[in-house]
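Visitor: I'd like to ask some things about the structure below.
Numbering (this note's numbering), first residue to last: 16 to 139.
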């Protein structure tokens with residue numbers, strides 16, 4: 016249970032922040048298309064590969080040992096593509112007219128995201 020709580024507390028802010036950046040701020044160019052493709056591809060990697068990666072990186076290379084921290088970080092890397100993809104899908108479902116109405120009132124882009132887009136898609 017502790018591993019899951021630690022993994023979610025690491026993954027959720029990073030994943031949602033990455034989804035917000037990719038959906039709201041990043042321009043559609045070659046680099047962002049490669050990043051989006053990489054995220055989708057990482058979601059299809061088997062969990063055994065993530066486990067071996069976590070063993071090599073966290074246990075052996077960074078000398079964390081076999082611990083809750085090593086397991087939580089490995090699990091968070093495994094969850095990250097799923098959370099980013101899910102959050103991007105939820106953010107994409109917000110109508111563009113909501114953003115335009117908020118921006119036309121003179122609100123900044125971040126305030127629009129924080130007070131209009133995220134509450135609308137919070138259940139997603």
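Here a beta-carbon is modelled for each residue, glycine too, at the ideal position from N, C-alpha and C.
Which residues bound the alpha helix (DSSP H) around residue 31?
Guide: Note, residue 31: alpha helix (DSSP H), 17-35.
Visitor: Given that a residue counts as buried once 16 or more other Cβ atoms are within 10 Å of its Cβ, and exposed if not, what is residue 48?
Guide: Its Cβ having fewer than 16 others within 10 Å, residue 48 is exposed.
Visitor: Would residue 95 pass as a contact of residue 29 if the rule is Cβ separation under 8 Å?
Guide: Contact flag set, yes.
Visitor: Alpha carbon to alpha carbon, what distance is there between residue 112 and residue 22?
Guide: C-alpha separation (whole angstroms): 35 Å.
Visitor: Please check the pair residue 3 and residue 114, which I expect to be a contact at CB under 8 Å, by giving their CB distance rounded to whole angstroms.
Guide: Because the chain in this structure spans residues 16 to 139, residue 3 falls outside the shown range and cannot be described.
Visitor: Looking at residue 57 and residue 103, is the spacing between their C-beta atoms short of 8 Å?
Guide: Result no, Cβ atoms of residue 103 and residue 57 do not sit closer than 8 Å.
Visitor: Which term fits residue 63, buried or exposed, when burial requires 16 or more other beta carbons within 10 angstroms of its beta carbon?
Guide: By the neighbour-count rule (16 or more Cβ atoms within 10 Å), residue 63 is not buried but exposed.
Visitor: Please classify residue 85 as buried or exposed, where buried requires at least 16 neighbouring CB atoms within 10 angstroms.
Guide: It counts as buried.
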